[in-house]
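There are 2 protein chains.
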Amino acid sequence: MLVFKNYFSTDFCASEEKLEEIIFEKMLSEKDSGEIGYYTLHESQKETIKEIEEFKKSNIPYSKSLIKNVIVIGIGGSSLGAKAVDNMLCSLENRNEIELIFLENCDPVNLDRELEGIEAKESLVITISKSGGTIETLSLTKYILERFDLKFGSEEIKNHFVVITEEGSPLEQFAKENNIKAFFLPKNVGGRFSVFSAVGLLPLSLVGYDVEKILDGQKEICSRFFAKELPELMKKAHFYTKYAHKYSINVLFSYSSTLRELNSWYVQLWGESLGKINAQESRVGLTPIGLVGSVDQHSFLQLIVQGPEDKSVTFLKIKDFKNNKTIPNITIPKLEKTDYVNTKMMQELLNAQCDATAETLIEQGVPVDVMEIDCLSEKSCGELIYYFELLTSCSGAFLGVNTYDQPGVEFGKKRLVEKFS
Amino acid sequence: MLVFKNYFSTDFCASEEKLEEIIFEKMLSEKDSGEIGYYTLHESQKETIKEIEEFKKSNIPYSKSLIKNVIVIGIGGSSLGAKAVDNMLCSLENRNEIELIFLENCDPVNLDRELEGIEAKESLVITISKSGGTIETLSLTKYILERFDLKFGSEEIKNHFVVITEEGSPLEQFAKENNIKAFFLPKNVGGRFSVFSAVGLLPLSLVGYDVEKILDGQKEICSRFFAKELPELMKKAHFYTKYAHKYSINVLFSYSSTLRELNSWYVQLWGESLGKINAQESRVGLTPIGLVGSVDQHSFLQLIVQGPEDKSVTFLKIKDFKNNKTIPNITIPKLEKTDYVNTKMMQELLNAQCDATAETLIEQGVPVDVMEIDCLSEKSCGELIYYFELLTSCSGAFLGVNTYDQPGVEFGKKRLVEKFS
Numbered sequence: 001m002l003v004f005k006n007y008f009s010t011d012f013c014a015s016e017e018k019l020e021e022i023i024f025e026k027m028l029s030e031k032d033s034g035e036i037g038y039y040t041l042h043e044s045q046k047e048t049i050k051e052i053e054e055f056k057k058s059n060i061p062y063s064k065s066l067i068k069n070v071i072v073i074g075i076g077g078s079s080l081g082a083k084a085v086d087n088m089l090c091s092l093e094n095r096n097e098i099e100l101i102f103l104e105n106c107d108p109v110n111l112d113r114e115l116e117g118i119e120a121k122e123s124l125v126i127t128i129s130k131s132g133g134t135i136e137t138l139s140l141t142k143y144i145l146e147r148f149d150l151k152f153g154s155e156e157i158k159n160h161f162v163v164i165t166e167e168g169s170p171l172e173q174f175a176k177e178n179n180i181k182a183f184f185l186p187k188n189v190g191g192r193f194s195v196f197s198a199v200g201l202l203p204l205s206l207v208g209y210d211v212e213k214i215l216d217g218q219k220e221i222c223s224r225f226f227a228k229e230l231p232e233l234m235k236k237a238h239f240y241t242k243y244a245h246k247y248s249i250n251v252l253f254s255y256s257s258t259l260r261e262l263n264s265w266y267v268q269l270w271g272e273s274l275g276k277i278n279a280q281e282s283r284v285g286l287t288p289i290g291l292v293g294s295v296d297q298h299s300f301l302q303l304i305v306q307g308p309e310d311k312s313v314t315f316l317k318i319k320d321f322k323n324n325k326t327i328p329n330i331t332i333p334k335l336e337k338t339d340y341v342n343t344k345m346m347q348e349l350l351n352a353q354c355d356a357t358a359e360t361l362i363e364q365g366v367p368v369d370v371m372e373i374d375c376l377s378e379k380s381c382g383e384l385i386y387y388f389e390l391l392t393s394c395s396g397a398f399l400g401v402n403t404y405d406q407p408g409v410e411f412g413k414k415r416l417v418e419k420f421s
Numbered sequence: 422m423l424v425f426k427n428y429f430s431t432d433f434c435a436s437e438e439k440l441e442e443i444i445f446e447k448m449l450s451e452k453d454s455g456e457i458g459y460y461t462l463h464e465s466q467k468e469t470i471k472e473i474e475e476f477k478k479s480n481i482p483y484s485k486s487l488i489k490n491v492i493v494i495g496i497g498g499s500s501l502g503a504k505a506v507d508n509m510l511c512s513l514e515n516r517n518e519i520e521l522i523f524l525e526n527c528d529p530v531n532l533d534r535e536l537e538g539i540e541a542k543e544s545l546v547i548t549i550s551k552s553g554g555t556i557e558t559l560s561l562t563k564y565i566l567e568r569f570d571l572k573f574g575s576e577e578i579k580n581h582f583v584v585i586t587e588e589g590s591p592l593e594q595f596a597k598e599n600n601i602k603a604f605f606l607p608k609n610v611g612g613r614f615s616v617f618s619a620v621g622l623l624p625l626s627l628v629g630y631d632v633e634k635i636l637d638g639q640k641e642i643c644s645r646f647f648a649k650e651l652p653e654l655m656k657k658a659h660f661y662t663k664y665a666h667k668y669s670i671n672v673l674f675s676y677s678s679t680l681r682e683l684n685s686w687y688v689q690l691w692g693e694s695l696g697k698i699n700a701q702e703s704r705v706g707l708t709p710i711g712l713v714g715s716v717d718q719h720s721f722l723q724l725i726v727q728g729p730e731d732k733s734v735t736f737l738k739i740k741d742f743k744n745n746k747t748i749p750n751i752t753i754p755k756l757e758k759t760d761y762v763n764t765k766m767m768q769e770l771l772n773a774q775c776d777a778t779a780e781t782l783i784e785q786g787v788p789v790d791v792m793e794i795d796c797l798s799e800k801s802c803g804e805l806i807y808y809f810e811l812l813t814s815c816s817g818a819f820l821g822v823n824t825y826d827q828p829g830v831e832f833g834k835k836r837l838v839e840k841f842s
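Protein sequences appear in the order of chains H and A. Numbers 1 to 421, taken from our numbering, label the letters of the first sequence in order. Numbers 422 to 842, taken from our numbering, label the letters of the second sequence in order.
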C-alpha cells in the first residue's frame, strides 16, 4: 500500500478549505461525466486487456515466441509511461526476456545504438500517435518500415506492425487498409495521462507484466481518494499552489535507480499540465525536477540545502526491495570509518540515506513530504502513478488552468514546417 | 570549433564592466597561482596520460585484451564526467568494444542489472574516491571485492583492481600495501571539476578514446578565454547572476540523445558549485535543468512557453553528425502532412527543431543563447566541458561564493551514521 505524509503545515482557513471542497467536486464531476477519461481507466480498459490477450494469441510471431524485441515508436506521453513502469518493475519474475526498445528522438547516433543487432523478423513495432501527425514518430516509423522492409499490404507488415491511435484518425484508416491491428486511445484521455490505456498496457503486457494488477492499483487509490480517505493529497496540492511563488520548484527525490524513468514521466505530467496561462490571464505553473537518491545527494543536494529557498521536496522510497544484497564484512585498513554499514543490507543504507536527508531538510524548514511504496510490484506502480495524476488534476484546478491541454507547444511547429519549404 | 552566441542584452554599465575585469583577474590568478587546478589540467595531466599508457601495457589482463568490462565505482564527480564523455562519443571509430559500467548507487535491483553476466576475470575495477570515505563507493567496492573474490594481497587484486584517489589518502596506502596501482587526483582539483584528470582520463583511455585530443580541446578554450577572445562567456555569467532572482532556473536544452549524460554532469557542476551561502551571508544559486531535444519539446517546453517567466535557456546543437540517416520517401495515405521532411537527413530535422524552438523563445523574450559544436569528437568534447567549467567559475565569482566546496552535503552525513549506531 502507498503511504504518504506531509511534513509542512496544512492549516488553511475556512474559506480555503471550502475551495478544497469545490475542487473535489470538480474532479468528481470530471470523472463521473466522463469528461476526463484517465480517472476511470481501471474500468474502461478491461476490454482493452481482453483485446491485448486476444492479440497475443492471434499474432503469429508473438504467439510462436519468435518476438525478441518490442519497438515502441512514440514520444512524450506515448513513451514515458511504459518506460517508467518497465524501469521500475524489470526485476519481477514475470517480466519475460523480450527487449523493450523506445524510439523517440530523430537522433542518428542514438538510432544506430538502439537498433544494433535488431532483426525485423524478431521484432514487433508499435507506432503510437494520437492524431498521427507527430513528426518524430512518423519519420521514425517511415525509417523502420524501410529498414525492416515492411511493405504496405504485405503479410510482414500485418505480423510485425501495430498502431495505437485515436479512433477515426488517419493512422487508423491506414491500419485498416493494410490489415494492421490498431488499438485505440480513448478520446477523453490525453497523452500524458494515457499510460494505463493501450498506450502503456499493450507494450507492458507483451513483455510479461500483469497489467490487471496495475489497474487494481489505480482502482484502489481512486476509491480511497473519492471516498475522501486521502486528504493529504488534496492538502499537498493546496500547499504547492498557494505557495507557488515562494516554492516554485518541486523536487521529486526518488530513492532507487529503478525510479529514474518515473521521474521523467512525472516531469512531463507536472510541467506540461500546470505550466499555463490561467483563467485570470496569468502565467502560472510549477517547475518539476526529478532526482535519484542517493546518487543526487552528490549532485543537487547542496543547492537545496544552501541555495535559494524556492524548492519543496518529495521523498519517494521503497519499503522492501525483494532481491537484496548485503554489504560484506570487509575492513579496509585506515578506512574503518566506513565499516558502520558492514553486514547491513544495501536497501537499509539507501533508505537510511533517504531518511537522514529528509530529516535534515525538515529541520531546515524545507517543505517536505515522504511517500513510500511496499515493494516494486504492478499494484504499487499503479497506485503511485495514479497518485501523481490526481495530484496534478488537483493542482491544476487550484491554479485555474486547463490541466489537459498543451497549447504552448504548437508555436514552434509552424516555424519548423517553414524551415523545410 | 565551439561557437556560441547570446540572444539577450549584455549592455552593462561602466561599473559593472569593471566588475567583469575584476572577475577575470581573479580567475587568472586562481589559474596562475595553482590555487585551482582544473584550469590547467591540459598541462598538468600530460604526465598522467603517460602513466595511463604505461599501465595499459603493464597490466597483464588489459595488455592481453582479456578485459571486456571496465567497472567504475564512484559517485557524483567521480562518475558523471566520464559517463558524459562516453555517452557523447560512443559512436567514434576508436571506441573499442570494452563495456564501461558505472556503479554509483547502493540499489540492489540496479546492481543486479548492471552486473548481469559480468565475470571477474574479464573485468577491471576502478574505485574512485578523493578521500576514501564516500560510503556508497566503499560499500560497493567491498561488494565487488567479495563478489569477484579479490583477496587482499593476491595476484588477482593486483591485476583487476585500480584506485584513483588523493596522494597520501588511506586508499592510497591500502593500494600500496596490496600492490594495487593507484592514480592520483591533484589536491587542487575538486571532484566535479576532475573529469580531465585521471578520474575521467583513465576509464576513457581504457575504452579507446584519444584523451590527448580531449585536453587539446580544453587547451584551446583556455587560450582563447584568457586571451579575452571569449567575451560572450563572461557576459553570459554576468547576465545570469545579475538576474538570478528573475531567471532563477537555467535550462540546458541539448539537441541529441548523446548529450543526455552531459546534461547530468552540468547539473551537478552548476547546482553544487553555485548553490551556496555567499560572502554577504545570503543564500544564492541558480537551479540547473537538463533537457534533451527534441524529446523534451513534448515534455517541458509547454512550461517554458506559458509558465512563469523564470527560466533562461541554452540551446546546444551538433553541426554535423557523422553517421547520418535519411528519412525515407514514404507517404502514408492521409498523413501527407508529415512528408515535408521526407528525403531529409534526421540531423536536419533535429537541428531545425532546435532552431525553430530557439527562435520561438527569443521572440517571446526568453533569455536564450545558442552553442554549437562541429561534430562529436574528443576535441569538441574537451571544448564544451571546459566552457561550462569556466562559466561556472565566472558565475561563482559574480555571486561571491566559494565555487569549489560543498559544505551543505555534510549535514546529513552525521545523521546517517547515527542511524546505524
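All C-beta atoms, glycine included, are put in the ideal place defined by N, C-alpha and C.
Q: Just list the alpha helix (DSSP H) runs in the stretch 605–667 of chain A, keeping only unbroken ones of 4 residues or longer that don't cross its boundaries, in chain order.
A: The qualifying runs are 619–627, 632–647, 652–663.
Q | Cα-Cα separation, A/A773 to H/I126 | A | Rounded to the nearest angstrom, the two C-alpha atoms are 26 Å apart.
Q) How about A/L690 and A/T813: are their beta carbons less than 8 Å apart? A) Yes, Cβ-Cβ distance for A/L690 and A/T813 is below 8 Å.
Q: Out of A/L797, A/L737, A/Q785, state which residue places its alpha-carbon closest to the alpha-carbon of A/K426.
A: That would be A/L737, whose Cα lies nearest to the Cα of A/K426.
Q.
Can you tell me which residues form a DSSP beta bridge with A/R516?
A. Note: A/R516 sits in no beta bridge, so no partner.
Q: Please name the residue in H/K187, H/K413, H/H160, H/H298 whose C-alpha comes closest to that of H/G34.
A: Comparing Cα-Cα distances from H/G34 to each of H/K187, H/K413, H/H160, H/H298, the minimum goes to H/K187.
Q | Spatially closest choice to A/V628 from A/E514, A/L524, A/T679, A/E598, by CA coordinates | A | A/V628 has its Cα closest to that of A/E514, out of A/E514, A/L524, A/T679, A/E598.
Q: Measuring only between beta-carbons, confirm whether A/N671 sits less than 8 Å from chain H.
A: False, the Cβ-Cβ gap to chain H never drops below 8 Å.
Q. When DSSP labels each residue in this structure, what does H/L103 get in the three-state scheme?
A. Under the three-state reduction of DSSP, H/L103 is assigned to strand.
Q) If you measure from the beta carbon of H/T314 to each beta carbon in chain A, is any gap under 8 Å? A) For H/T314, the answer is no, since every Cβ of chain A falls outside 8 Å of its Cβ.
Q. Along the stretch 556–576 of chain A, what residues have a CB closer than 7 Å to any CB found in chain H?
A. Within the stretch 556–576 of chain A, the residues whose Cβ lies closer than 7 Å to some Cβ of chain H are I556, E557, L559, S560, K563, Y564, L566, E567, listed in chain order.
Q: Would you identify the three-state DSSP class for H/F253, choosing helix, strand or coil?
A: Correct three-state label for H/F253: strand.
(Q) Taking the alpha helix (DSSP H) that A/E441 belongs to, which residues open and close that run? (A) Counting along the chain, the alpha helix (DSSP H) containing A/E441 begins and ends at 435–454.
Q) How many Å lie between H/L2 and H/L384 at the Cα? A) Each residue's alpha carbon lies about 7 Å from the other.
**Q.** Whole-angstrom C-beta distance between A/G714 and A/F674, which should lie under 8 Å
**A.** About 6 Å; that satisfies the 8 Å criterion.
Q) Hey, how far is the Cα of H/S428 from the Cα of H/A237? A) There is no way to answer for residue 428 of chain H, as the model of chain H reaches only from 1 to 421.
Q: In angstroms with no decimal places, state the Cα-to-Cα distance between A/F476 and H/I289.
A: Per the coordinates, the alpha-carbon of A/F476 lies some 41 Å from the alpha-carbon of H/I289.
(Q) At the 8 Å Cβ level, is A/G833 part of the contact set with chain H, yes or no? (A) For A/G833, at least one C-beta of chain H is nearer than 8 Å to its own C-beta.
Q: Taking H/K142 and A/I748 to be in contact with their CB atoms under 8 Å, please state how far apart those CB atoms are, rounded to whole angstroms.
A: About 6 Å separates the two Cβ atoms, so the contact holds.
Q. What residues of chain H sit near A/H463, judged by a beta carbon separation below 9 Å?
A. Within 9 Å Cβ-Cβ: nothing; A/H463 doesn't reach chain H, min ~25 Å.
Q.
Taking the beta carbon of H/I22 as the centre, do at least 16 other beta carbons fall within 10 Å, making it buried, or is it exposed?
A. Exposed is the call here.
Q.
On the DSSP bridge list, what partners appear for A/N490?
A. Partner(s): A/E520, A/S544.
Q. Roughly how many whole angstroms lie between the Cα atoms of H/I221 and H/S44?
A. Rounded to the nearest angstrom, the two C-alpha atoms are 16 Å apart.
Q: Would you kindly work out how many angstroms separate the C-alpha atoms of H/S264 and H/L80, rounded to a whole number?
A: Just so you know, the alpha carbons of H/S264 and H/L80 end up roughly 7 Å apart.
Q. Taking a cut of 9 Å between CB atoms, which residues from the stretch 594–624 of chain A lie near chain H?
A. Here the close residues are Q594, F595, E598, G612, R613.
Q | Three-way DSSP call (helix, strand, coil) for H/V341 in this model | A | Looking at H/V341 - three-state DSSP - the assignment turns out to be helix.
Q.
Going by DSSP in three states, H/D465 sits in which element: helix, strand or coil?
A. Residue 465 of chain H lies beyond the residue range present for chain H, which begins at 1 and ends at 421; the question has no answer from this structure.
**Q.** Per-residue DSSP class, three states only, for A/V734
**A.** Of the three classes helix, strand and coil, the one that applies to A/V734 here is strand, per DSSP.
Q) What number of angstroms, rounded off, separates the C-alpha of H/Y387 from the C-alpha of A/G786? A) Each residue's Cα considered, the two are about 36 Å apart.
(Q) According to DSSP, simplified to helix, strand and coil, what is H/K428? (A) The requested residue 428 of chain H does not occur in the structure, where chain H is confined to residues 1 to 421.
Q | Within chain H, partners of A/L805 - CB distance below 8 Å | A | Here the premise fails: no neighbours, minimum Cβ distance about 16 Å.
Q: Examine chain A for any beta-carbon lying closer than 8 Å to the beta-carbon of H/S256, and answer yes or no.
A: Yes, because at least one Cβ of chain A sits closer than 8 Å to the Cβ of H/S256.
Q) beta strand (DSSP E) containing H/E372: first to last residue? A) Annotation for H/E372: the continuous beta strand (DSSP E) segment containing it runs 368–373.
**Q.** Inter-residue Cα distance where the pair is H/N342 and A/S550
**A.** The alpha-carbon atoms of H/N342 and A/S550 are separated by roughly 18 Å.
Q: Under 7 Å Cβ to Cβ from H/E212, same chain only, skipping five residues before and after it: list those, please.
A: Excluding residues within five positions, the ones whose Cβ falls inside 7 Å are I49.
**Q.** Short CB-CB distance (under 8 Å) between A/H418 and chain H
**A.** In this structure chain A extends from 422 to 842, so residue 418 of chain A is not present and cannot be described.
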